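Colleague: Structure incoming, see below.
In this note's numbering, the protein residues as written are 128 to 546.
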């Protein structure tokens, strides 16, 4: 974390940002606005719906009120912070910002039309950042008039609590744009990593195989409670099934059936993908947000501990569940993620192991005491990692074939970290 406070693109390239335009005043937009006004940045919330803007105001005000109640902030400071916030329904008002961030639903056409509207109204050299978790940045920027000003800023939900910001650059993004967005992330209190554009970037891409593996386990008859519990014991603060409910089953299904998985399958045709999440999503299951997910929820939307949804197993072959070997569950889920992280380093999506570890720990809850995928490989040894993956591949198929970089490190008896 300390290492990441320093801007790798150079402080001298950073342009000063006093005003941010925030398109989309939903849960993510409100969170990004809040962490921005924390550092005295003026934020204009732009939405098509005045009710959404009012709701974002209320959310931010309530969050600050909790700090006042704890004596962490004075009532005057609260009013000062809220005065930095403004709302608008018009793109014409986005003419005085140094940075515009978009956080709307994961829809390519929608994001492209927003970019077009912003470019028509923004002042010259305004940076446009998209908060997408899976759509390739280059596709959103395909018609951009100024691709050098275009960048991805992937925040994690809930924004005020989650410490990571994943910045996604394309081969056209200007260095000063990356440096400025990195600086904004640090000002917002985030630990920042910069990754290359590609399907799912880094965090979503390494999460997908873990989520897929947990779904395949359920397809094979595993018990929801057991899968979550043994992954908790491995060190994940939230099990993969609970995570699907938290993130949203509809979001998970969108990622699992979208471009990320299609490109993965094009490169690895024998990668086995579970389709069940998509079926559940079509039946109206969205997880915690609509109180209909893998688990049962009370009126307030709080998970009822140990209570699985009554109908959920009908999608996975019925209610009779079998107890599976705990180590097998842990290795299948964890090694699917670890191997994908190694592939990302091999392909240059991440530029070093530290970024990979920080992204996995702070963005996805990879067991912190294991230090991230690359520290974990170092601790068990690359040879053990390769052997484990080969055993899994022999039993469950080619999706577990070890990344070439792991084979090379095992053959050379090398480590990702020198100390």
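Where a beta carbon is used, it is the ideal one built from N, C-alpha and C, also for glycine. Please read all numbers here as calculations on a predicted model, not as lab measurements.
Roughly how many angstroms separate the alpha carbons of residue 203 and residue 170, rounded to a whole number?
Modeller: Computed Cα separation, rounded: 19 Å.
Colleague: Output needed for residue 503: all residues of its chain with C-beta closer than 7 Å, excluding positions within five of it in sequence on either side, in chain order.
Modeller: Closer than 7 Å at the Cβ level, and outside the excluded window around residue 503, lie 465, 497.
Colleague: Would you call the CB atoms of residue 332 and residue 387 closer than 8 Å?
Modeller: Yes, they are a contact pair.
Colleague: Based on DSSP bridge pairs, tell me the residues matched to residue 215.
Modeller: According to DSSP, residue 215 bridges with 173.
Colleague: Tell me where the beta strand (DSSP E) around residue 314 begins and ends.
Modeller: No beta strand (DSSP E) contains residue 314, which is instead part of the alpha helix (DSSP H) from 302-314.
Colleague: With contact counted as at least three CB pairs below 8 Å, one residue from each stretch, are the segment 401-416 and the segment 352-366 in contact?
Modeller: Counting Cβ pairs under 8 Å, fewer than three are found: no touch.
Colleague: Whole angstroms is fine: what's the gap from residue 262's alpha carbon to residue 235's?
Modeller: Spanning the two alpha carbons is a distance of roughly 7 Å.
Colleague: Taking the straight line between their C-alpha atoms, what separation do you get for residue 84 and residue 291?
Modeller: There is no way to answer for residue 84, as the model of the chain reaches only from 128 to 546.
Colleague: Taking the beta carbon of residue 338 as the centre, do at least 16 other beta carbons fall within 10 Å, making it buried, or is it exposed?
Modeller: Buried, because 16 or more other Cβ atoms sit within 10 Å of the Cβ of residue 338.
Colleague: Pull the bridge partners of residue 296 from the DSSP assignment, please.
Modeller: Note: residue 296 sits in a beta bridge opposite 323.
Colleague: On the three-state DSSP scale, how would you describe residue 229?
Modeller: Three-state result, residue 229: strand.
Colleague: What residue range does the alpha helix (DSSP H) around residue 257 cover?
Modeller: It is not in any alpha helix (DSSP H) - residue 257 instead sits in the beta strand (DSSP E) that spans 254-257.
Colleague: Nearest by alpha-carbon distance to residue 162: which of 372, 523, 285 is it?
Modeller: Nearest of 372, 523, 285 to residue 162, Cα basis: 285.
Colleague: For the segment 471-490 and the segment 360-378, state whether three or more C-beta atom pairs, one from each stretch, are separated by less than 8 Å.
Modeller: No, the segment 471-490 does not touch the segment 360-378.
Colleague: According to DSSP, is residue 545 helix, strand or coil?
Modeller: Looking at residue 545 - three-state DSSP - the assignment turns out to be coil, as it is neither helix nor strand.
Colleague: Quick one: what does DSSP say residue 363 is sitting in, helix, strand or coil?
Modeller: Coil.
Colleague: In chain order, what residues of the same chain have a beta carbon less than 7 Å from the beta carbon of residue 515, not counting five sequence neighbours either side?
Modeller: Hits under 7 Å: 458, 462.
Colleague: What does a CB cutoff of less than 7 Å around residue 442 pick up in its chain, not counting 5 residues either side in sequence?
Modeller: Excluding positions up to five away in sequence, the list reads 403, 406, 407.
Colleague: Tell me, please, whether the segment 247-259 touches the segment 312-327 by the rule of three or more beta-carbon pairs shorter than 8 Å.
Modeller: As far as the Cβ criterion goes, the segment 247-259 does not touch the segment 312-327, which means the pair count is below three.
Colleague: For chain C, check one thing: does any of its Cβ atoms lie closer than 8 Å to the Cβ of residue 176?
Modeller: In the structure shown, chain C does not exist; there is a single protein chain.
Colleague: Excluding the 5 residues flanking residue 118 on each side, which residues of the same chain have their C-beta closer than 7 Å to its C-beta?
Modeller: Here the chain comprises residues numbered 128 to 546, so residue 118 is not present and cannot be evaluated.
Colleague: To the nearest angstrom, how far is it from the Cα of residue 264 to the Cα of residue 329?
Modeller: Rounded to whole angstroms, residue 264 to residue 329 spans 13 Å at the Cα level.
Colleague: Tell me the rounded alpha-carbon separation between residue 306 and residue 379.
Modeller: Taking the straight line from one Cα to the other gives about 31 Å.
Colleague: Opposite residue 277 in the DSSP bridges: which residues?
Modeller: Answer is 255.
Colleague: Assign residue 515 to one of three DSSP states: helix, strand, or coil.
Modeller: Helix.
Colleague: In terms of residues, what are the limits of the beta strand (DSSP E) holding residue 418?
Modeller: Where residue 418 is concerned, there is no enclosing beta strand (DSSP E), given that its DSSP letter is neither H nor E.
Colleague: Since residue 147 sits in a beta bridge, which residues does DSSP pair it with?
Modeller: DSSP output for residue 147 lists 170, 226 as bridge partner(s).
Colleague: Would DSSP call residue 141 helix, strand or coil?
Modeller: Coil.
Colleague: Exposed or buried, which one is residue 419 when buried takes at least 16 other CB atoms within 10 Å?
Modeller: Answer is buried; the Cβ neighbour count reaches 16.
Colleague: Rounded to the nearest angstrom, what separates residue 193 and residue 223 at their Cα positions?
Modeller: Each residue's Cα considered, the two are about 32 Å apart.
Colleague: Using a Cβ-Cβ cutoff of less than 6 Å, which residues in the same chain neighbour residue 509 once the five nearest sequence positions on both sides are dropped?
Modeller: Around residue 509: 533, 536, 537.
Colleague: Using the Cα positions of residue 247 and residue 259, report the straight-line distance between them to the nearest angstrom.
Modeller: Taking the straight line from one Cα to the other gives about 22 Å.
Colleague: Can you look up residue 432 in the DSSP assignment and give me helix, strand or coil?
Modeller: Of the three classes helix, strand and coil, the one that applies to residue 432 here is strand, per DSSP.
Colleague: Which class does residue 318 belong to by DSSP, given the choice of helix, strand or coil?
Modeller: Residue state, collapsed to three classes: strand.
Colleague: In this structure, does DSSP put residue 405 in helix, strand or coil?
Modeller: Three-state result, residue 405: helix.
Colleague: Spatial neighbours of residue 140 within its chain, please: C-beta separation below 7 Å, excluding the five flanking residues on both sides.
Modeller: Excluding sequence neighbours, residue 140 sits near 302, 303, 306.
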